[in-house]
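Numbered per mature numbering (1 follows the signal peptide of the UniProt record, and there is no 0), the sequence shown spans residues -19 to -1, 1 to 252. Right, one structure below, let's go through it.
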Amino acid sequence: MKKLLFLCLYGLSSWTTHAQTPAGYSFIRNAPDKRKADSIKSAIRLTSPGAFEELSFRTVRYRMMKPLSLQQHKRYPLVLVLHGSGAVGTNNITQMGILPKLWAQPHIRQNYPAFVVAPQFPERSSDYVMDSSRHTLVSVPGPNTNTVLALVDSLKKVLPVDDRRIYVIGFSMGASSVFNSIGLRPDLFAAGVAISGIPDFDHLSALEATPLWVIHGNADTENPYRTDSILIRTLQGRQLRAWEIDQLQHEIYSELYTTDILPEWLFSHAR
């Protein structure tokens, strides 16, 4: 009888836990090969930004890397990479961190040819305000977010960009701007990846309709994971992929730059 009661309670507990787990959500144990991750990160950071042209558009300076060889009559994906607040400025170099340089790695550049655009915001691209109804911070776009979206539109007119495969990725403030950008232009992006950002609750229908990968460490004290957890529970969309990384602080999860998982996931989506 006790065994039967235990099994019933266990089954009820499992069902309840499963029922409360948001669609697309995964809990990831953070157990990286630190030596390997540090070695790869160092190699990526040492990558010269020379593969990226220095350009400007209105008030925003940016760098862009083209595919290794442009084939006639072929169109290529465009990847927009948005930086964190520590890279705000006008030198057109500070924004060149792990995420844009990842795309310059020889095997990535060979297997995932794309126009990679890394703008540098002269001021914050997203600001954070308290949402009293949700008791959490939310992000709102700054004026330069629209400038960068206009930049993408301008590049589509002069480059062989595949309109169906335009992607946006970002870390920290840049991740917040991923949410904002998809919200402002739901017609533009085929998919987005937001790493350790503050979400935007003003454009839930756009976020729900776009393939979105939300990645956040639950030990993050700069942009607390709780903010993204509320978004994850709110969206409940089939397009959502959400990773809660156990014991990860405010940093980029190592699997995103030690494997091809990031470009592979992005390139699996088209509008």
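All C-beta atoms in this analysis are idealised placements derived from N, C-alpha and C, irrespective of residue type, glycine included. Given the structure is predicted, the values throughout are model-derived calculations rather than measurements.
Is DSSP giving residue 148 helix, strand or coil here?
In the structure shown, residue 148 falls within a strand segment according to DSSP collapsed to helix, strand and coil.
CA nearest to the CA of residue 196, picked from 182, 138 and 237:
Nearest option by C-alpha distance: 237.
Using DSSP with H/G/I as helix, E/B as strand and the rest coil, what is residue 225?
DSSP places residue 225 within a strand segment (E or B) once states are collapsed to three.
Can at least three beta-carbon pairs, one atom from the region 176 to 183 and one from the region 151 to 159, be found at a separation below 8 Å?
The region 176 to 183 and the region 151 to 159 touch, with no fewer than 3 CB-CB distances between them shorter than 8 Å.
Neighbourhood of residue 233 by C-beta distance below 8 Å, restricted to the same chain and skipping five residues each side:
Around residue 233: 79, 80, 152, 176 and 177.
Quick one: what's residue 101 bridged to in DSSP?
In the DSSP assignment, residue 101 is bridged to 42.
Going by DSSP, which residues form a beta bridge with residue 194?
When beta bridges are read from the DSSP output, residue 194 appears opposite 174 and 222.
Alpha carbons only, please: which of 161, 86 and 100 is nearest the one belonging to residue 121?
Considering only alpha carbons, the answer is 161.
Closest residue to residue 229 among 6, 12 and 7 (Cα-Cα distance):
That would be 12, whose Cα lies nearest to the Cα of residue 229.
Give me the DSSP bridge partner(s) of residue 136.
None; residue 136 has no bridge partner.
May I ask you to report which of helix, strand or coil DSSP gives residue 239?
Helix.
Counting pairs of Cβ atoms below 8 Å between the region 189 to 203 and the region 70 to 79, do you hit three or more?
Between the region 189 to 203 and the region 70 to 79 there are fewer than three inter-stretch CB-CB distances shorter than 8 Å, so the stretches are not counted as touching.
Residue 50 to residue 239, Cα distance in whole Å?
One C-alpha to the other measures close to 25 Å.
Closest residue to residue 111 among 142, 33, 170 and 208 (Cα-Cα distance):
Answer by Cα proximity: 208.
Could you have a look at residue 179 and say whether DSSP puts it in helix, strand or coil?
Under the three-state reduction of DSSP, residue 179 is assigned to coil, being neither helix nor strand.
Contact the region 23 to 32 vs the region 54 to 72: 3+ CB pairs below 8 Å:
A contact between stretches requires three or more CB pairs, one per stretch, nearer than 8 Å, and the region 23 to 32 fails this requirement with the region 54 to 72.
Pull up the distance between the alpha-carbon of residue 250 and that of residue 171, whole angstroms please.
Using only the alpha carbons, I get a separation of about 6 Å.
In DSSP terms, what residue 111 is bridged to
For residue 111, which the question treats as bridged, DSSP gives the partners 118.
From 206, 14, 42 and 20, pick the residue whose C-alpha is nearest to that of residue 128; which is it?
In terms of Cα proximity to residue 128, the closest of 206, 14, 42 and 20 is 42.
My guess is that residue 211 and residue 221 are in contact by the Cβ rule of under 8 Å, so how many angstroms apart are they, rounded?
Not quite, the Cβ-Cβ distance comes to about 13 Å (not below 8 Å), so this is no contact.
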